[in-house]
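All remarks here apply to the structure that follows.
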Amino acid sequence: MDALRVVKGHGTENDFVIVPDIDNKLELTDDLVRAICDRRAGIGADGVLRVVGTGHEPTLAGHQPIAPYFMDYRNADGSIAEMCGNGVRVFVRYLQSEGLVGERVVVATRGGLKPTWLNDDGSISVEMGQPEILEQRPKVLVDGGERLDSSWALNIPNPHVIVPLGSVAELEALNLDRAPQVQAPLPDGQNIEFVVRLDSRHLRMRVHERGVGETRSCGTGICAAVVASALSEDAARDESRWRVDVPGGTCSVVWRADGSVVMTGPAVLVASIEFRGDWLARLRPNA
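The opening residue of the sequence shown carries number 21 in this note's numbering; numbering runs sequentially from there.
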């Protein structure tokens, strides 16, 4: 079996393996994703970003003139996700580094088309779309049996449950080694954000992601935290920036008057890596 060349990158330490597959010829199985993302037996990552030309993906071919590339995102356990806010920035950084796109590009995702642009400071902004506010307010049980009330549940487009906390000490004391239990979970599961308000339009957050576990950051979760906090405070939707601190860094978010959410943050490419053909062959004994 041929070797597989990939790139490792991260956005606020939410890390990914980028798999170029422009012609859509690679069979990206759940087992292969899990093996790649294994932090001891593979490279290690929170997820995989497969780069596919939309012209080679039958369900997206009509979008090719607008969005030339499709971001096929997989969680570390191999499951498919609608979108990844940090991942799309890293995806765009890769496309730019390869000379495939300019400073502005629309990316096709399972959560819709996402306009992106490069800023003067090197950060990348993504128009994430409009959040869908859900009626559910599920209770969340963290390790140790403490039951916490959520403030909001919403899709952006991944499903999120937001739990406000009263202090940084309470946030830091949470044990997220095991997945929190959600009473009356959302139909497609949920990411759970634990959020502390530090100041006006300044939040600190930790997140437990479905299919992964606790991560250093979650882009759609950062956006969800801002939307939930703005709703709770009845804050105006304008061009004011919210700052969100996560263990892996900082992103900013604007919730516009038209309802769309724009997230801005860093994206770093770390290394180019080649998986050996014999290692891949062990994962596909019948290939």
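Beta carbons are placed, not taken as given, at the ideal position from N, Cα and C, and that holds for glycine.
Bridge partners of residue i, per DSSP?
| i | result |
| --- | --- |
| residue 272 | 263, 284 |
| residue 225 | 215 |
| residue 172 | 182 |
| residue 145 | 137, 284 |
| residue 128 | 90, 133 |
| residue 155 | Its beta-bridge partners do not exist; DSSP assigns none. |
| residue 40 | 71 |
For residue i versus residue j, is the C-beta spacing smaller than 7 Å?
| i | j | result |
| --- | --- | --- |
| residue 211 | residue 241 | yes |
| residue 163 | residue 198 | yes |
| residue 6 | residue 35 | In the structure as shown, the chain starts at 21 and stops at 307, and residue 6 therefore has no counterpart that could be examined. |
| residue 54 | residue 98 | yes |
| residue 177 | residue 103 | yes |
| residue 194 | residue 183 | no |
| residue 145 | residue 284 | yes |
| residue 234 | residue 196 | yes |
Nearest to residue i by CA position, among the options, is which residue?
| i | options | result |
| --- | --- | --- |
| residue 239 | 253, 51, 263, 64 | 263 |
| residue 259 | 298, 252, 278, 265 | 278 |
| residue 139 | 236, 113, 56, 219 | 113 |
| residue 190 | 245, 153, 225 | 225 |
| residue 151 | 38, 96, 243 | 243 |
| residue 86 | 192, 100, 135 | 135 |
Rounded to the nearest angstrom, what separates residue i and residue j at their Cα positions?
| i | j | result |
| --- | --- | --- |
| residue 249 | residue 274 | 12 Å |
| residue 286 | residue 116 | 14 Å |
| residue 46 | residue 223 | 40 Å |
| residue 170 | residue 147 | 26 Å |
| residue 269 | residue 123 | 23 Å |
| residue 96 | residue 126 | 25 Å |
| residue 30 | residue 156 | 32 Å |
Report back the beta-carbon spacing between residue i and residue j to the nearest angstrom; my notes put them in contact at under 8 Å.
| i | j | result |
| --- | --- | --- |
| residue 88 | residue 79 | Incorrect: roughly 15 Å between the Cβ atoms, too far for contact. |
| residue 161 | residue 110 | Not a contact, Cβ separation roughly 33 Å. |
| residue 303 | residue 52 | 6 Å |
| residue 72 | residue 42 | 7 Å |
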